[in-house]
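Asker:
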Amino acid sequence: MSRLQVAIWFLLPLVALLVLMTFAGYIYGALAVAGLAGLIAVVLLLVIFFSRGQRTSTRPPGGE
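In my numbering, the protein residues as written are 1009 to 1072.
1. Assuming residue 1026 and residue 1044 make a contact with CB atoms under 8 Å, what is their CB distance in whole Å?
2. Sorted by chain position, which residues of the same chain lie with C-beta nearer than 6 Å to residue 1019's C-beta, five sequence neighbours on each side aside?
3. Please confirm whether residue 1028 and residue 1055 have their CB atoms less than 9 Å apart.
4. When the Cα of residue 1021 is compared with those of 1047, 1010 and 1059, which residue comes out closest?
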């Protein structure tokens, strides 16, 4: 399993929990939106980071 898949499977339950808490009414809607936006931003940054890491790691060993 790639690092990107691990990151997605780690963050997916957190996003689901935030959505469930929002619909259940345990936290304010504005805080839920801010938290969800923050989580989405973190996921996007992780996707960009890991995709760049995988792109540079495809070089053959010893290649320059």
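For each residue, glycine too, the CB sits at the ideal point set by N, CA and C. Quick caveat, the model's predicted, so the values are computed rather than measured.
Answerer: Once the coordinates are examined:
1. That belief holds up - the Cβ atoms of residue 1026 and residue 1044 are roughly 6 Å apart, short of 8 Å.
2. Within the same chain, residue 1019 has close Cβ partners 1051.
3. It is not a contact, given that the beta carbons lie outside the stated cut-off.
4. Among 1047, 1010 and 1059, the Cα nearest to that of residue 1021 belongs to 1047.
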